[in-house]
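A short worksheet on the structure shown next.
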Amino acid sequence: MESLNTPAPNLNVDTIVNAMTIDVEDYFHVSALAEVIKPNEWGKKYPLRVEKSTQRILELLDNHQTKATFFILGWIAEACPSLIKEIASHGHEVASHGFAHQQANKQSPAVFRDDVAKSKALIESLTGKPVVGYRAPSFSIDTSNTWAFDVLKELGFLYTSSTYPVKHDLYGVPDWPRFKHRRPEGICEIPIPTLNKWGNNIPIGGGGYFRFYPYRLSRYLIQSFIKETGQPYSFYFHPWEIDPHQPRVAGITRKSQFRHYLNLNKMESRLERLLQDFKWNSMSHVYQLSRHEDNAKSINTEVNRERAFIMGQLR
Numbered sequence: 001m002e003s004l005n006t007p008a009p010n011l012n013v014d015t016i017v018n019a020m021t022i023d024v025e026d027y028f029h030v031s032a033l034a035e036v037i038k039p040n041e042w043g044k045k046y047p048l049r050v051e052k053s054t055q056r057i058l059e060l061l062d063n064h065q066t067k068a069t070f071f072i073l074g075w076i077a078e079a080c081p082s083l084i085k086e087i088a089s090h091g092h093e094v095a096s097h098g099f100a101h102q103q104a105n106k107q108s109p110a111v112f113r114d115d116v117a118k119s120k121a122l123i124e125s126l127t128g129k130p131v132v133g134y135r136a137p138s139f140s141i142d143t144s145n146t147w148a149f150d151v152l153k154e155l156g157f158l159y160t161s162s163t164y165p166v167k168h169d170l171y172g173v174p175d176w177p178r179f180k181h182r183r184p185e186g187i188c189e190i191p192i193p194t195l196n197k198w199g200n201n202i203p204i205g206g207g208g209y210f211r212f213y214p215y216r217l218s219r220y221l222i223q224s225f226i227k228e229t230g231q232p233y234s235f236y237f238h239p240w241e242i243d244p245h246q247p248r249v250a251g252i253t254r255k256s257q258f259r260h261y262l263n264l265n266k267m268e269s270r271l272e273r274l275l276q277d278f279k280w281n282s283m284s285h286v287y288q289l290s291r292h293e294d295n296a297k298s299i300n301t302e303v304n305r306e307r308a309f310i311m312g313q314l315r
């Protein structure tokens, strides 16, 4: 199923447009904290903070004239409807992150369908825009629940970004495809980026890895990915990652503390540099996804020739 054949010749890292994505959830939704925080405490014992941090992200994107894809948790859409409308009003792509932030591989097909359908309908009702993209919480589509692709196709999604081909204790299928591909179910999957080194896939997609790696290393890894694979790169992060003053949750493991709180105070400045050093747009724009995907045209004429070559490889 691997979609890559040969890298694009003379690919210009400075002009290729990459995908910027934000998973809109709050700090208390994170899987690393689920061992302590229960869903009935969301927004109550643990107060909402997502509005301020997401509005700051919108400011950053506006400052850099960048459009992005916001994978919105349905729970957040229900709790903060004006925020979702604000995201859409800035011209960003709205997509689904499910409703209750439950891992897809821990749900039954019926529960999964209801969760995703509820999120999709709510976001569409708030924004008036179609929701065609989905990202599973914790990248939780794997070999145990490939039926999820059938459900997403049935619900009218065009693409997902729900797999991470790495070895990880919480997610990942290392031998799954690394690049955009059309699934047998008829839906496109856009995996989180990795670099293949020494026979292993190195995670470079963003989030905690972006906070862990020094910025210069992250920039080098992104540049290497583009040059070596000839593919657009996609980046993800969360609003809580630019909120260093969020409450410190007691009772979690040291590993969870490390993963969640590492370098929160450095994230916004690194994000600023990332927006300066690369060109960005939404998932639908970068990967030419629409209701008539095969006839889609690039909006960005500056990189149209390079992207035509790249997208030809992906079909």
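Counted from 1, the sequence shown has number 268 at position 268 by our numbering; the numbering is strictly sequential.
We put the CB at the ideal spot given by N, CA and C, even for glycine.
Buried or exposed: GLN65, going by 16 or more other Cβ atoms within 10 Å of its Cβ? Start at 1 with the first residue of the sequence shown, and residue 65 comes out as number 65. Exposed, because fewer than 16 other Cβ atoms sit within 10 Å of the Cβ of GLN65.
So within the region 177 to 213, which uninterrupted alpha helix (DSSP H) runs reach at least 4 residues, ignoring any that extend past its ends? 207 to 212
May I ask you to list the residues that DSSP assigns as paired with MET318? For residue 318 there is no data in the structure shown, the boundaries of the chain being 1 and 315.
Please classify GLU25: does DSSP put it in a helix, a strand, or coil? Taking the sequence shown and counting its residues from 1, the one referred to as residue 25 is at position 25. Coil, per DSSP.
Report yes if the CB atom of ILE187 is closer than 8 Å to the CB atom of LYS227, and no otherwise. Reading the sequence shown from its first residue, position 187 is the one you call residue 187. Reading the sequence shown from its first residue, position 227 is the one you call residue 227. Cβ atoms of ILE187 and LYS227: not closer than 8 Å.
Does the Cβ of VAL111 have 16 or more other Cβ atoms within 10 Å, making it buried, or fewer, making it exposed? What you label residue 111 is simply residue 111 of the sequence shown in a count that begins at 1. Per the 10 Å Cβ criterion, exposed.
Taking the continuous alpha helix (DSSP H) assigned at PHE149, which residues delimit it? As a first step, residue 149 is located in the sequence shown; it is residue number 149 there, counting from the start. 147 to 154 is the extent of the alpha helix (DSSP H) around PHE149.
Where does ILE310 land, buried or exposed, given buried means 16+ other C-beta within 10 angstroms? Walking along the sequence shown from the start, residue 310 turns up at place 310. At ILE310 the pLDDT is 32, less than 50, meaning the model places this residue with poor confidence and gives no usable figure here.
Below 8 Å, can you find three or more Cβ-Cβ pairs linking the region 40 to 48 to the region 230 to 241? no
Check the DSSP bridge columns for VAL50 and list the partner residues they point to. Position 50 of the sequence shown, counted from the first residue, corresponds to residue 50. Beta-bridge pairing links VAL50 to no other residue.
Continuous alpha helix (DSSP H) stretch holding SER82: start and end: By one-based count along the sequence shown, residue 82 stands at place 82. Start and end: 81 to 89.
Assuming LYS67 contacts SER256 (C-beta within less than 8 Å), just tell me the rounded distance between them. Within the sequence shown, the letter at position 67 stands for residue 67. Within the sequence shown, the letter at position 256 stands for residue 256. With a Cβ gap of about 33 Å, LYS67 and SER256 do not count as contacting.
In the DSSP assignment, what residue or residues form a beta bridge with ALA95? Here residue 95 refers to the residue found at position 95 of the sequence shown. Answer by DSSP bridge pairing, in chain order: PHE71.
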